[in-house]
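Colleague:
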Amino acid sequence: MEQSNASSTTKKGQLVDATIQFSSDLCTRSFEKATESDLLDLSKHRSRLNISGLGLWNWCTREKRREDDELPSTRDRFFTLVRVLSFSMLVLALRNDADSPRAITHLERLAIKTGRSCIASNELDLGLWSLQKAVEYNGLLQSLQDSSPENSLICSQFEAEYYTLRIAWKEDRMDVAENLYTNVRKLIERADTALAEKLADSLFEVGRDLTLKKNSVLAAKWLERALELINTQETSQLSRDAIELRLAISQALIQAYLDIGTSDYIDRAENHIAYIEDELGDKLIVLLFRTEVLLRSPAETFDSKAYADIIRRMMRVVDISESSFKLLMHHIRKLDEKESLAASSVLDDFLINFILTCQQDPWIDNAITLRTHMAVRDSLLESVQAFEVVLDQILPNTGKPLAVNTAAGIQTLIWKKADAEFIQEKFDEAAKWCQVGLHPALEQSGPSNVGKMARKLLLCAIQQNDLAMATNILQTMNDVTLKEPMTAYLAFKVALKQVDVDSASRCLEQISEASSSNLQYLYACCLEAQLAQAKTITIKALQLVVLKHQFHSPDYIHLPALLRVLIRLEVSILYDEQEIDTDKECLVRDICTTFKTTVSEIGKERRDSNSKKVFTVEELDWFSKNAYNLGLKNVTVWEARHVVIILECCLSIISSYPPDIPAQMSADISLRGMFCSFMAATTLLAIARSEDNIELQLQDYLNMRRHVQRFHEVLELRSDSLEETSRQDLQTKLSTLLVFEFEGATSYQAMADCILRCRSVPGQVLYQILRELVNQIWGLEHFGDEKLAKYLRCLLKATLPMEHHIPLNLIEEISTMVKELASRKENFPHIELEWIIITAFNHGVELYATKEDELSKAWISHALTIAHYFRDGGELERQLQDKYTTLKWDDT
Numbered sequence: 001m002e003q004s005n006a007s008s009t010t011k012k013g014q015l016v017d018a019t020i021q022f023s024s025d026l027c028t029r030s031f032e033k034a035t036e037s038d039l040l041d042l043s044k045h046r047s048r049l050n051i052s053g054l055g056l057w058n059w060c061t062r063e064k065r066r067e068d069d070e071l072p073s074t075r076d077r078f079f080t081l082v083r084v085l086s087f088s089m090l091v092l093a094l095r096n097d098a099d100s101p102r103a104i105t106h107l108e109r110l111a112i113k114t115g116r117s118c119i120a121s122n123e124l125d126l127g128l129w130s131l132q133k134a135v136e137y138n139g140l141l142q143s144l145q146d147s148s149p150e151n152s153l154i155c156s157q158f159e160a161e162y163y164t165l166r167i168a169w170k171e172d173r174m175d176v177a178e179n180l181y182t183n184v185r186k187l188i189e190r191a192d193t194a195l196a197e198k199l200a201d202s203l204f205e206v207g208r209d210l211t212l213k214k215n216s217v218l219a220a221k222w223l224e225r226a227l228e229l230i231n232t233q234e235t236s237q238l239s240r241d242a243i244e245l246r247l248a249i250s251q252a253l254i255q256a257y258l259d260i261g262t263s264d265y266i267d268r269a270e271n272h273i274a275y276i277e278d279e280l281g282d283k284l285i286v287l288l289f290r291t292e293v294l295l296r297s298p299a300e301t302f303d304s305k306a307y308a309d310i311i312r313r314m315m316r317v318v319d320i321s322e323s324s325f326k327l328l329m330h331h332i333r334k335l336d337e338k339e340s341l342a343a344s345s346v347l348d349d350f351l352i353n354f355i356l357t358c359q360q361d362p363w364i365d366n367a368i369t370l371r372t373h374m375a376v377r378d379s380l381l382e383s384v385q386a387f388e389v390v391l392d393q394i395l396p397n398t399g400k401p402l403a404v405n406t407a408a409g410i411q412t413l414i415w416k417k418a419d420a421e422f423i424q425e426k427f428d429e430a431a432k433w434c435q436v437g438l439h440p441a442l443e444q445s446g447p448s449n450v451g452k453m454a455r456k457l458l459l460c461a462i463q464q465n466d467l468a469m470a471t472n473i474l475q476t477m478n479d480v481t482l483k484e485p486m487t488a489y490l491a492f493k494v495a496l497k498q499v500d501v502d503s504a505s506r507c508l509e510q511i512s513e514a515s516s517s518n519l520q521y522l523y524a525c526c527l528e529a530q531l532a533q534a535k536t537i538t539i540k541a542l543q544l545v546v547l548k549h550q551f552h553s554p555d556y557i558h559l560p561a562l563l564r565v566l567i568r569l570e571v572s573i574l575y576d577e578q579e580i581d582t583d584k585e586c587l588v589r590d591i592c593t594t595f596k597t598t599v600s601e602i603g604k605e606r607r608d609s610n611s612k613k614v615f616t617v618e619e620l621d622w623f624s625k626n627a628y629n630l631g632l633k634n635v636t637v638w639e640a641r642h643v644v645i646i647l648e649c650c651l652s653i654i655s656s657y658p659p660d661i662p663a664q665m666s667a668d669i670s671l672r673g674m675f676c677s678f679m680a681a682t683t684l685l686a687i688a689r690s691e692d693n694i695e696l697q698l699q700d701y702l703n704m705r706r707h708v709q710r711f712h713e714v715l716e717l718r719s720d721s722l723e724e725t726s727r728q729d730l731q732t733k734l735s736t737l738l739v740f741e742f743e744g745a746t747s748y749q750a751m752a753d754c755i756l757r758c759r760s761v762p763g764q765v766l767y768q769i770l771r772e773l774v775n776q777i778w779g780l781e782h783f784g785d786e787k788l789a790k791y792l793r794c795l796l797k798a799t800l801p802m803e804h805h806i807p808l809n810l811i812e813e814i815s816t817m818v819k820e821l822a823s824r825k826e827n828f829p830h831i832e833l834e835w836i837i838i839t840a841f842n843h844g845v846e847l848y849a850t851k852e853d854e855l856s857k858a859w860i861s862h863a864l865t866i867a868h869y870f871r872d873g874g875e876l877e878r879q880l881q882d883k884y885t886t887l888k889w890d891d892t
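What the sequence shown shows, in the UniProt record's numbering, is residues 1 to 892, in sequence order.
Below, the structure written as C-alpha cells:
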C-alpha cells in the first residue's frame, strides 16, 4: 500500500513537472495577445497538449475528491488555477476541432465546470473568461442543432447551465440577473432535474446575498423563485442535497418574510411554516421556525405561553446533547427576556425532567446558575419557593451537592438579593432568601460563605425581634462561624434583648479574645449596651476596650475620655439605689482597678499624633480629685483596703503633675496629697491592728510608715507657705502619725520575737517573714544592730535545710552587710558574727564531704570573706585558711 501511494505521488509529480515545463510559455502569455504563428507552432503539438491537459484535469479532479470538503481556501484556489491551466491547454489542443460536436460538447462541459470553480473561488476574471468560452462553444453547438434532437437538447442544457452560472456570479447587477433569469426560464423546461437543482441553488445564493445586504423584499422574490423551481421537480428525482436545499430555501424565505415585518409577510411566514409542518411533522426545524415568528412579534403582543410550549416540545423531540442543550438554553434566555415567570417555569421543567437525570455536571451548573439569576430578579415570594423546589431536587437526583465554584457563585447572587431586601427593610423576604442560601445543595460553598449567610439570617431575626429564631440560628451555626467576632457581636445583641448578662459577658470575652488591633466590634457592643441601658454590660464592654487599649492605642480614641466615661458609669451604678442586683463589692473592685489602670497609663506618658501628652494637667486634675473624693466619701463605707488603693492612686496621679504648674495649683495638690497620706496611714493602721496574718500585718505597717514619712516630708516643704491655722492642724495630724509610726516600728520587734518563740512555724514561712523584717530593720537608722544580727542568725539557721540557693543568697547578703558596716566604721555584733562565720565554714565542709565541691567552695569563700572583718586580729581567719588548705579537691 505504501509503495502504491509513493508511486502515485511520483507519477503526479512527474505529470505536473512535465506539464509545467511544456506549458511554461503559456502561463506567461495572454491568449488574446498570442500571434498566429504561435498558434500554428502550437498546433504541431496538439496531441501532447491534449494528453497533458487531460492528465492535469483528471489529477486535479482526483485530488479534490480525495481531500473532500476539508480544503483550506489556499488549496482550493490552487486547484482552481490548475483547472484553468488544464482547460486552457485543452482549448489550444482542440482548436482545430470546431466541426466536431463531440469535441465542442466536451469543451463546453469543461468550460462550465471551470467557470463554476472560478466563481466558487472568487476568481471572477478567470470565471468570466471560462464562461465566454462556454458562450463560444454554445454558439458552435447551436449551428449543429439541426443535425439531431440529441444535440439540440445538449445545447439547451449547456445554455441553461451557462445562464445559471452567470446568475450565481456576484456582479451585483440585478437588471442583468433578471434578464438572465428570464432567458433561463425559457430553457429550464427542457433541462433535467440536476440542472434545475443547480439553478435553484443559484437563485438561493442570490436571495441569500440580498438578505445579507438587508434587501429583504428582493431577497424574498428570488427565494420564492428558487423554492418554486425546486418544488416543480419530481420529489423522487431530487437528490439528497436538493432536499436539504429546499429546507434551507424555506428557512431563508421565512427569515426574509420576518425581516420585512409587515402583517402580510408575517402571515406568509406562518402559512409557509404550517405547510412545512404538515410535510415534516413536529420536527426541530419547524419548531425553530415558529420561535422565529414569535420573536418577531411586537413586545406587547408576544405570546409567551406559546413560546414556552414550543420550547417544551423541543425538549421532547431532541436528544439531549451539548448542541441541543445550548440551543434550548438559548431559547429559554430569549423567553426570559420577554417573560421571566414563563422562562422560570420552562427552565424548572428542563432541569428537573431532563438535566438532572443526565448527570452532566457542566449542564447542571449552567442551568442552575441561570435559574438563580432568574429567581433573584423576581421579587415575588412564589419565585423563591419555586427556586427552592428546584434545589430540593438536586441531592436526590445527583447524590451530591453542587460544585464549589457553582455553589459559591449561586450563594453570592442570593446574598446580594437578601442584602437588597434587608436594606429595604423587607426582613421576611430577606430571611427567606437567606434560608435558601443555606440549602444543603449549596453546602460546598465553604464555611465562610455559609457563616456570612447565617449571620444575615440572624440579623433578620434580630430586626424582627424573633429571639427564639435567633437562638435557634446560633445553635445551628458551625464552630468556625461562631468564633468569628461578627457572629459574637450579633449573639451579644441577642443576649441584650434577652437580658442575659452571662451570655452577653461571654460574647464580650469572645470578641476581646478574637480581636487584636481592630476594636470596632467592642465599640459597637458598648454602643448597643448603652442604647439598651444595660449599664452593667456597658461597663464590662468598656473595661475590655480599656484592656485592649493598653496593648494597642488607636489615634481615634481619646484614652482619658474613655477612662472618665467608665469611672462615671461605675460610680453612677454604685450610688443607684435601683441597682439592687448589682454586686457592690465587685463594683468597688472594678472602680479601683480602673483607677490603677489610669495610673499605669499615666506612667507611660502617652502622646497623640501631635506629640502632645494625652494626659494633660486638666485630665490629671480630674482623676486626682475624683479619686480623692471617692476615698474621702467612702472611707467608712468601703472595705478598708479598697480605700487605701483609691487613695494611693490619687497620690500616684499627684506625683505625675509636671513641675511647671502654677503655684496655687501646686499648693492645692500638695494639701490633697497630705490628706490622702493621712487617711491612708490611719486606714492601714486599722487594717494592721485587725490582721491575723503576720506577713500581711508586717506589710501593712510598712506601708503605713511610708505614708507617714511622705506626710512629714511634704509638710516640711510646704510649712512656710501655709496659714497658721492650717499649719497647726497639719502639725497635730503629724503628731498622730508619728505615734502610729512608733507603733509600727515596735511591732516589727515584737513580731520577730513572737515568731522566734513559735515552734510550729514552717521553715519557708519563717524565712519569708524574717527576711522582710531584716530588710526593713536594715533601713531603720535608729534600730539596733544587735536585733538585726539576731534575726540574721535565726534566718540563716532556718534556711540551711532548705534548697541550696536560698541560704547561699542569704550568706551573700550578710557578707555585703558586714562590708558596708565596716566601711561606715561600724561593727557587726561580735558573738553573732563569729557564729555566722563558723556555721558557714562548717556547712562548706559538710558539702565537701558530700562531693558538692562548687557549693562547698562558695560557702567557704563567704566564710573567709566575713572572717576578714572579724575583730580578733585575724586569728579566726588564719585558722580557717589553714583548715581550707588541708582539703583535697577533685581535679575532675
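Glycine included, every Cβ here is placed at the ideal spot set by N, Cα and C.
For Leu294, I'd like the list of residues in its chain whose CB is within less than 8 Å of its CB, leaving aside the five on either flank, ordered along the chain.
Modeller: Here the set comprises Phe302, Asp303, Ala306, Tyr307 and Ile310.
Colleague: Would you say Cys525 and Phe492 are within 8 Å of each other, going by their C-beta atoms?
Modeller: Taking 8 Å as the Cβ cut-off, Cys525 and Phe492 qualify as a contacting pair.
Colleague: So the candidates are Lys417, Ala561 and His707; which of them puts its Cα closest to the Cα of Ser652?
Modeller: Nearest C-alpha to Ser652: His707.
Colleague: Between which two residues does the alpha helix (DSSP H) containing Asp428 stretch?
Modeller: Looking at the DSSP string, the run of the alpha helix (DSSP H) that includes Asp428 is Phe427 to Gly437.
Colleague: Are there three or more Cβ pairs, one per stretch, closer than 8 Å when the stretch 339-354 is compared with the stretch 399-407?
Modeller: No: fewer than three Cβ pairs fall under 8 Å.
Colleague: Along the alpha helix (DSSP H) that carries Val376, what are the first and last residues, could you check?
Modeller: Start and end: Asp361 to Arg377.
Colleague: Tell me whether the beta-carbon of Pro560 lies closer than 8 Å to the beta-carbon of Val614.
Modeller: In this structure, Val614 lies closer than 8 Å to Pro560 by Cβ.
Colleague: Using a Cβ-Cβ cutoff of less than 6 Å, which residues in the same chain neighbour Glu786 once the five nearest sequence positions on both sides are dropped?
Modeller: Correct list, in chain order: Pro829.
Colleague: Give the list of continuous alpha helix (DSSP H) stretches no shorter than 4 residues that lie fully inside the stretch 673-745.
Modeller: Complete alpha helix (DSSP H) runs here, min 4: 694-718.
Colleague: When the distance is taken between beta carbons, is Leu49 closer than 8 Å to Leu92?
Modeller: For Leu92 and Leu49, yes; Cβs fall inside 8 Å.
Colleague: On a CA-only basis, which of Ile654, Arg710, Ala514 and Lys633 is nearest Thr622? Give me that one, please.
Modeller: At residue 622 the sequence reads Trp, which differs from the Thr that was named. Closest option to Trp622, Cα to Cα, is Ile654.
Colleague: Determine the extent of the alpha helix (DSSP H) in which Gly409 is found, giving its start and end residues.
Modeller: That run of the alpha helix (DSSP H) goes Val404 to Ile423.
Colleague: Is it the case that the CB of Arg116 approaches a heavy atom of the ligand PLP more closely than 7 Å?
Modeller: With respect to small molecules bound, the structure shown includes none, and the ligand PLP cannot be examined in it.
Colleague: Closest to Glu244 by C-alpha separation, out of Tyr257, Ile230, Ala256 and Ala461, would be which residue?
Modeller: Among Tyr257, Ile230, Ala256 and Ala461, the Cα nearest to that of Glu244 belongs to Ile230.
Colleague: When you compare only the Cα positions, how much space is there between Leu566 and Ile537?
Modeller: Taking the straight line joining both Cα atoms gives about 12 Å.
Colleague: Which residues mark the beginning and the end of the alpha helix (DSSP H) in which Thr481 is found?
Modeller: Looking at the DSSP string, the run of the alpha helix (DSSP H) that includes Thr481 is Asp479 to Leu482.
Colleague: Would DSSP call Lys613 helix, strand or coil?
Modeller: In this structure, Lys613 counts as strand in the three-state DSSP scheme.
Colleague: Can you tell me where the alpha helix (DSSP H) holding Gln393 begins and where it ends?
Modeller: No alpha helix (DSSP H) holds Gln393; DSSP gives it neither H nor E.
Colleague: In the DSSP assignment, the alpha helix (DSSP H) including Trp859 goes from what residue to what residue?
Modeller: Taken as a continuous stretch (DSSP letters only), the alpha helix (DSSP H) holding Trp859 covers Asp853 to Ala867.
Colleague: Do Tyr521 and Met486 come within 8 Å of each other at the CB atom, strictly closer than that value?
Modeller: In contact: Met486 and Tyr521 (Cβ atoms closer than 8 Å).
Colleague: Check Arg607 in the structure and name its three-state DSSP category.
Modeller: It is a strand residue.
Colleague: So, for Gln393: in the same chain, excluding its five sequence neighbours on each side, which residues have a beta-carbon less than 8 Å away from its beta-carbon?
Modeller: The answer, listed in chain order, is Leu351, Ile352 and Leu356.
Colleague: To the nearest angstrom, how far is it from the Cα of Ser656 to the Cα of Gln731?
Modeller: Ser656 and Gln731: Cα-Cα distance of roughly 26 Å.
Colleague: Using the Cβ count rule (16 or more neighbours within 10 Å means buried), how would you classify His331?
Modeller: Its Cβ being crowded by 16 or more others within 10 Å, His331 is buried.
Colleague: How long is the line joining the alpha carbons of Lys416 and Ile364, rounded to whole angstroms?
Modeller: For Lys416 and Ile364, the distance between alpha carbons rounds to 22 Å.
Colleague: Could you pull out every unbroken beta strand (DSSP E) segment of at least 3 residues lying fully inside the stretch 788-831, listed in chain order?
Modeller: As far as the stretch 788-831 is concerned, it has no whole beta strand (DSSP E) run of at least 3 residues.
Colleague: Using a Cβ-Cβ cutoff of less than 8 Å, which residues in the same chain neighbour Ile645 once the five nearest sequence positions on both sides are dropped?
Modeller: So the list reads Cys592, Phe595 and Lys596, once near-sequence residues are dropped.
Colleague: Under a three-way DSSP split, which group does Arg313 fall into?
Modeller: Here Arg313 sits in helix by DSSP.
Colleague: Between which two residues does the alpha helix (DSSP H) containing His642 stretch?
Modeller: It spans Ala640 to Ile654 - the alpha helix (DSSP H) in which His642 sits, taken as one unbroken run.
Colleague: Where does Ala532 sit, in a helix, a strand or coil, going by DSSP?
Modeller: Correct three-state label for Ala532: coil.
Colleague: Hey, Leu457 and Leu474 are a contact pair by Cβ (cut 8 Å); roughly how many whole angstroms apart?
Modeller: Between Leu474 and Leu457 the Cβ distance is about 10 Å, and since that is not below 8 Å, they are no contact.
Colleague: Around the C-beta of Ser856, are 16 or more other C-beta atoms found within 10 angstroms, so that it is buried, or is it exposed?
Modeller: Buried is the call here.
Colleague: For Val206, which of helix, strand or coil comes out of DSSP?
Modeller: Helix.
Colleague: Could you say if the stretch 236-251 and the stretch 195-205 meet the contact criterion of at least three C-beta pairs nearer than 8 Å?
Modeller: Touching, yes, given that three or more Cβ pairs across the two stretches are closer than 8 Å.
Colleague: Which runs of the beta strand (DSSP E), 3 residues or longer, sit entirely within the stretch 244-299?
Modeller: List check, beta strand (DSSP E) in window: nothing returned.
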